[in-house]
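Residue numbers (the working numbering), protein chains in the order written: chain U, 453 to 980; chain Y, 46 to 429. Inspection log for the structure reproduced underneath, given as structure tokens.
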Amino acid sequence: MINETLVELSRWQFAITALFHFLFVPLTIGLTWILFIMESVYVMTGREIYRDMTKFWGKLFGINFAIGVATGLTMEFEFGTNWSYYSHYVGDVFGAPLAIEGLMAFFLESTFVGMFFLGWDRLSKRQHLMGTFLMALGTNFSALWILIANGWMQNPVGSEFNYMTMRMELVSFSEIIFNPVAQVKFIHTVAGGYVAGAMFVLSISSYYLLKGRDVAFAKRSFSVAAGFGLAAILSVILLGDESGYEVGEVQRVKLAAIEAEYHTEPAPAAFTVIGLPDDEAMETHYAVKIPYALGLIATRSLDGEVMGLRDLQKAHEPRIRNGMIAYEYLTKLRNGEQTPENLAKFNETKHDLGYGLLLKRYTDNVVDATEAQIQMAVKDSTPPVAPVFWAFRIMVACGFTMLLLFVLAFYFNARRQIEQKRWLLKSLFFALPLPWIAIETGWFVAEFGRQPWAISEVLPTFLSTSSLAASDVLFSLIAFIVVYSILFVIEMYLMVKFARLGPSSLHTGRYHFEQKPALASGLRSQNS
Amino acid sequence: MFDYETLKFIWWGLIGFLFIGFAITDGMDMGVGGLLPFVAKKDVERRVVINTVGAHWDGNQVWFITAGASLFAAWPLVYATAFSGFYFAMMLTLFSLFLRPLAFDYRSKIDSLKWRNNWDKALFVGSMVPPLVFGIAFGNLLLGVPFGFDSLMRVTYTGSFFALFTPFTLLTGVISVAMMLMHGSTWLVMRTDADVAKRSANIGLVVALVLALCFILAGVMVWQSVDGYVVVSAIDTMGQAQPTIKEVTTGSGAWLTNYNETPILWLIPVVGIIAPLFVALFLSIKSKSTTIKVLSFVGSSLTIASIILTAGIAMFPFVMPSSSIPSHSLLMWDTVSSESTLGLMLVVVAFFVPIILGYTIWCYKKMWRTVTIAEIEQNSHSAY
């Protein structure tokens, strides 16, 4: 039988380590392009201040990058250590984009990141700039392949179940690459990273402007970040990933959960701005709605219907029953009764095998499930609504707040009034956490909203774990929490220290703390 | 292009290639990290040592990541079984690996001896624990690992963490660590001067001799006391990946079957013994020419490749024998991905590996120099 504690602990561990890793990834994705823009200006104009900007923001980038590399290793290990049945069941398909990520993206990024930091004196200007470009390109390729892999989990195209090997196998790699879910997720995620990079530079530059330190340096950094950030936030919002929600059953379920839409409404559906979702009653209490908006956003039309959770669940019930038949014939086939009839019956029903596997939580044999167990599996076939509903709203609120801030920053910067707008500089400084809140809640919506599936309609999450003792995972989970907390403190300590020190940390002799030795000696003597 | 059987064989070679690539590149900076406390006494010397690999350790580490991901893509069952079976050993490796990126990047950011010494210790642990665990794990593969599959191919491992440690596996652990240390020392001899280079040569000389001796000893044990595995039923090399439908027996000295059947293969372990002796010889020369330095590094790389290949060939076609249910052992014939995945990934590897080698070599050439104390003192704010 399924060990529920093991499943819960494995999920917690993956969620914590993945969300922690993704604190650092978006900044890497965004800053690489900002560094490339700054260095391009330096190479084109030859003005030293742009080289200093590249080097200083590069220093902060490096502090972030190192911990991103370290925590990224966990992701590679965990599929095998904690999700070994998953690895077996889908490795044939899912492993390929990960291996391609290594070959196409990580090598490029990691080889040239060394050149970026240590190659300044050993490469020509143009060679170094090319290295920075390749580093940025590698980072973005890496996001592409990870989101192709993740997109396949959300909408598993281009593959087929093979009863002999008892796993999903690759049929069409081009379908996997051009999976519409993967495409929109990629754009949305990298653009989110660009926003994080831009907000990071904007916030810290605002801090220098508020302090009146290194103003020329801060203003130039501010300009780059305001322009880049405005373009990025517009792409994030306009190319939001709900455009992918038309594709695939699980995406439809996720959309209904995001909207807490229990009942199918006549098209075009209203958008629930806020309310209290109640999974027991399958109702949303105190809902405040905007007429037509959901239908327009989700289906991009006036007559497209957005299905409610009740109807979605109702549609899952026959599929679960069909899945029981699939499981029955799968068992026969695997027991050596490979008659043409059994094979035909299995092929007829195998697209619902995943739904049959949902019953594994209640009965190991699947085929002997009682009516009550089938009803429980039907209930399980959609995720709890409230967490998805609220996480989505937090993400959107952060997104629109940032849109407003980027518009104002861009406008006043263009009018050269930014130094006078201290309220805006202060707001920007305090807005620093917004991209991270939006990104983490966004991932939560994407992954929690996919439940109960690890691979949509193919493999339930609870079946995907390794056969470990729950205590093994509890032990490693505690170790992760302790070690990650320590790493986080160290990283933040360095980040804050160097952000406060500003470009003086480059020791060029041109910046704030190097010109007022009395003020700066305390800070400088401890740092290099 | 190729039939399934050929693809399976090519992928056996490619996985080997990627792991050898990892051992030669990342193994080099792991060796450097392990040597750090012994070859560099003063802070500035330590920075010399670290800066010989400062620009390259991250790219090198991708060999490891790619080898792991290729295992996932090409041999998903091996990836699933090994990583979940060796759970605590893998976690230990992972947590040690956290230390390296941070130590490299954070160490010299703060000018405090205590801060730096702590990161040096972290770098040492992060550089030595992974090769030790990998060596012990490889030894366990040779001995067989207790695991089996249920009717839906869910793997269950029935051993314990402490059962991984036996005299034989500790010996393979020492071999693995010695390979990295020897390799790191030949690197430092090429890239540093003065005291650091001298100390590196002295340590490398001893380690190379120890390595040759341990490798011979492990060979004797494989011949005399370690039971190998043999497939006794017919293998359908073109068949689908079904690792539970064959018959396997064990026998003393069975790991030498491939060598006895194809005697030319004996050349590989012979190189594995002779090459480290040459490395020791080169390192013992007092005033080394550039050629001698390069030859010692090449000899060290050759040693690593030969030793890994020796073990791989001994086990062929096994990759992960099961000691509890031998018929569930994983072979390179029956544990692989589908024909379409292997074909696709072969094209991807064939396309990207030459490009990767191209730009990696370019970067090494650009950064090539003898790192000196004077250089570090001049760039104390930008160097690692």
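All residues carry an ideal CB built from backbone N, CA and C; glycine is no exception.
Checklist line | Residues within the stretch 551-566 of chain U neighbouring chain Y, beta-carbon criterion of under 8 Å | finding: Under the 8 Å Cβ criterion, the stretch 551-566 of chain U contributes Ala551, Ile552, Glu553, Gly554, Leu555, Met556, Phe558, Phe559, Leu560, Ser562, Thr563, Phe564, Val565 and Gly566.
Note to self: Beta-carbon within less than 6 Å of U:Tyr659's beta-carbon, same chain only, minus the 5 sequence neighbours each way: which residues are those?
What the structure shows: Here residue 659 of chain U refers to the residue found at position 207 when the first sequence is read from its first residue. So the qualifying residues of the chain are Phe881.
Next item on the list: Using only alpha-carbon positions, find the residue among U:Ser937, U:Met947 and U:Leu929 that is nearest to Y:Leu137.
Entry: Looking up residue 137 of chain Y in the second sequence gives position 92. It is U:Leu929 whose Cα lies nearest to the Cα of Y:Leu137.
Margin query: Tell me the rounded alpha-carbon separation between Y:Ile55 and Y:Phe396.
Written below: In the second sequence, counting from the first residue as 1, residue 55 of chain Y sits at position 10. In the second sequence, counting from the first residue as 1, residue 396 of chain Y sits at position 351. If you take the alpha carbons of Y:Ile55 and Y:Phe396, they lie about 15 Å apart.
Notebook entry, point to check: Going by DSSP, which residues form a beta bridge with U:Asn614?
Noted result: The sequence position of residue 614 of chain U within the first sequence is 162, counting from 1. In the DSSP secondary-structure assignment, U:Asn614 is bridged to U:Arg619.
Note to self: Mapping the DSSP letters down to three states, classify U:Tyr541 as helix, strand or coil.
What the structure shows: Counted from its first residue, the first sequence places residue 541 of chain U at position 89. DSSP places U:Tyr541 within a helical segment (H, G or I) once states are collapsed to three.
Item checked: Span of the alpha helix (DSSP H) around U:His640 -> Mapped onto the first sequence, residue 640 of chain U falls at position 188. Pro632 to Lys663 is the span of the alpha helix (DSSP H), which, as asked, contains U:His640.
Notebook entry, point to check: Under the three-state reduction of DSSP, which class applies to Y:Lys154: helix, strand or coil?
Noted result: Residue numbering aside, residue 154 of chain Y sits at position 109 when the second sequence is read from its first letter. Reduced to three states, the DSSP call for Y:Lys154 is helix.
Checklist line | Amino acids of chain Y, ordered along the chain, whose beta-carbon sits closer than 9 Å to that of U:Thr801 | finding: Counting from 1 along the first sequence, the entry for residue 801 of chain U is found at position 349. For a Cβ distance threshold of 9 Å, nothing in chain Y lies close to U:Thr801: the least Cβ distance comes to about 17 Å.
Check: If you count every other CB in all the chains shown that lies within 10 Å of the CB of U:Lys422, and 16 or more means buried, which is it?
Finding: Residue 422 of chain U is absent from the model: chain U starts at 453 and stops at 980.
Next item on the list: Answer with yes or no whether the minimum CB distance from Y:Lys26 to chain U is below 8 Å.
Entry: Shown here, chain Y extends from 46 to 429; a query on residue 26 of chain Y therefore has no answer.
Check: How would you label U:Ser937, buried or exposed, when you count the other beta carbons within 10 angstroms and need 16 or more for buried?
Finding: Start at 1 with the first residue of the first sequence, and residue 937 of chain U comes out as number 485. Here U:Ser937 is exposed, its C-beta having fewer than 16 other C-beta atoms within 10 Å.
Item checked: Whole-angstrom distance between U:Val636 and Y:Ile421, CA atom to CA atom -> Stepping through the second sequence from its first residue, residue 421 of chain Y is reached at position 376. Stepping through the first sequence from its first residue, residue 636 of chain U is reached at position 184. If you draw a straight line from the Cα of Y:Ile421 to the Cα of U:Val636, it comes to about 47 Å.
Next item on the list: Show which residues of chain Y have a CB atom less than 7 Å away from the CB atom of U:Ser928.
Entry: To locate residue 928 of chain U, count along the first sequence from 1; it is residue 476. Simply Met136.
Check: Would U:Gly961 be called buried (16 or more neighbouring beta carbons within 10 Å of its own) or exposed?
Finding: For the purposes of this step, residue 961 of chain U is taken as residue 509 along the first sequence, with counting starting at 1. The residue is exposed, with fewer than 16 neighbouring Cβ atoms inside 10 Å.
Checklist line | Cβ distance (whole Å) where Y:Ile220 is taken to contact Y:Gly180 below 8 Å | finding: Residue mapping note: residue 220 of chain Y aligns to position 175 of the second sequence, counting from 1. Residue mapping note: residue 180 of chain Y aligns to position 135 of the second sequence, counting from 1. Correct: roughly 6 Å between the Cβ atoms.
Next item on the list: Using 10 angstroms around the beta-carbon of U:Phe680, count the other beta-carbons present and answer buried if the total reaches 16, otherwise exposed.
Entry: Residue mapping note: residue 680 of chain U aligns to position 228 of the first sequence, counting from 1. Classification for U:Phe680: buried.
Checklist line | Opening and closing residue of the beta strand (DSSP E) in which Y:Gly193 lies | finding: For the purposes of this step, residue 193 of chain Y is taken as residue 148 along the second sequence, with counting starting at 1. For Y:Gly193, the enclosing beta strand (DSSP E) stretches over residues Phe192 to Phe194.
Next item on the list: Assign Y:Thr294 to one of two classes, buried (16 or more other C-beta atoms within 10 Å of its C-beta) or exposed (fewer than that).
Entry: The sequence position of residue 294 of chain Y within the second sequence is 249, counting from 1. Classification for Y:Thr294: exposed.
Notebook entry, point to check: Is it right to say U:Tyr738 is buried, meaning 16 or more other beta carbons lie within 10 angstroms of its own, or is it exposed?
Noted result: Position 286 of the first sequence, counted from the start, is the residue given in the question as residue 738 of chain U. Counting Cβ neighbours within 10 Å, U:Tyr738 comes out exposed, since fewer than 16 surround it.
Check: Can you find a C-beta in chain U that's less than 8 Å from the C-beta of Y:Ser24?
Finding: Nothing can be reported for residue 24 of chain Y: it is not among the residues displayed for chain Y, which extend from 46 to 429.
Check: Are any of the Cβ atoms in chain Y nearer than 8 Å to that of U:Thr457?
Finding: The sequence position of residue 457 of chain U within the first sequence is 5, counting from 1. Nearest CB-CB separation between U:Thr457 and chain Y: not below the 8 Å threshold.
Next item on the list: Kindly list, in the order they appear in chain Y, the residues whose Cβ is closer than 7 Å to that of U:Asp544.
Entry: Mapped onto the first sequence, residue 544 of chain U falls at position 92. Under a criterion of Cβ atoms nearer than 7 Å, the residues of chain Y adjacent to U:Asp544 are, in order, Pro121, Ser382, Ser383 and Thr386.
Note to self: Determine whether the beta carbon atoms of U:Met605 and U:Ala921 lie at a separation below 8 Å.
What the structure shows: Here residue 605 of chain U corresponds to residue number 153 of the first sequence, with the count starting at 1. Here residue 921 of chain U corresponds to residue number 469 of the first sequence, with the count starting at 1. Using a Cβ distance threshold of 8 Å, U:Met605 and U:Ala921 do not count as a contacting pair.
Notebook entry, point to check: Mapping DSSP to helix, strand and coil, what is U:Met944?
Noted result: Stepping through the first sequence from its first residue, residue 944 of chain U is reached at position 492. In this structure, U:Met944 counts as helix in the three-state DSSP scheme.
Margin query: I need the boundaries of the beta strand (DSSP E) containing Y:Ser297, first residue and last residue.
Written below: For the purposes of this step, residue 297 of chain Y is taken as residue 252 along the second sequence, with counting starting at 1. Start and end: Val293 to Ser297.
Check: Pick from Y:Leu186, Y:Lys411 and Y:Ala167: whose alpha carbon is nearest that of U:Met567?
Finding: Reading the first sequence from its first residue, position 115 is the one you call residue 567 of chain U. The shortest Cα separation from U:Met567 among Y:Leu186, Y:Lys411 and Y:Ala167 belongs to Y:Lys411.
Check: What is the residue span of the beta strand (DSSP E) that U:Phe723 lies within?
Finding: The residue given as residue 723 of chain U occupies position 271 in the first sequence. Boundaries of the beta strand (DSSP E) harbouring U:Phe723: Phe723 to Asp730, taken from the DSSP string.
Next item on the list: For Y:Asn185, collect the residues of the same chain with a Cβ closer than 7 Å to its Cβ; drop the 5 residues on either side in sequence, then sort them by chain order.
Entry: Residue numbering aside, residue 185 of chain Y sits at position 140 when the second sequence is read from its first letter. Residues of the same chain with a CB within less than 7 Å of the CB of Y:Asn185, apart from the 5 flanking positions on each side, are Leu209 and Thr214 in chain order.
Next item on the list: Find the residues of chain U that neighbour Y:Thr201, judging by a C-beta separation of less than 7 Å, and give them in chain order.
Entry: As a position in the second sequence, residue 201 of chain Y is number 156, starting the count at 1. Within chain U, the residues whose beta carbon sits less than 7 Å from that of Y:Thr201 are Ser919, listed in sequence order.
Next item on the list: Return no unless some Cβ of chain U is closer than 8 Å to the Cβ of Y:Phe363.
Entry: Position 318 of the second sequence holds residue 363 of chain Y. For Y:Phe363, the answer is no, since every Cβ of chain U falls outside 8 Å of its Cβ.
Check: Which residues bound the beta strand (DSSP E) around Y:Met365?
Finding: Locating residue 365 of chain Y in the second sequence gives position 320, where the first residue counts as 1. Start and end: Phe363 to Met365.
Margin query: 8 Å is my cut-off, CB to CB: does U:Ala470 come that close to chain Y?
Written below: In the first sequence, counting from the first residue as 1, residue 470 of chain U sits at position 18. So no, U:Ala470 is outside the interface.
Next item on the list: Could you name the residues of chain U that Y:Tyr49 contacts, counting a contact when the two beta carbons are closer than 7 Å?
Entry: Numbered from its first residue, the second sequence carries residue 49 of chain Y at position 4. Per Cβ cutoff of 7 Å: no residues; Y:Tyr49 is ~13 Å from chain U at best.
Item checked: Pairwise C-alpha distance: U:Val667 and U:Ala712 -> Counting from one through the first sequence, the residue named residue 712 of chain U turns up at place 260. Counting from one through the first sequence, the residue named residue 667 of chain U turns up at place 215. Rounded to whole angstroms, U:Ala712 to U:Val667 spans 48 Å at the Cα level.
Note to self: Quick check: the stretch 120-127 of chain Y against the stretch 534-545 of chain U, are at least 3 beta-carbon pairs closer than 8 Å?
What the structure shows: Touching, yes, given that three or more Cβ pairs across the two stretches are closer than 8 Å.
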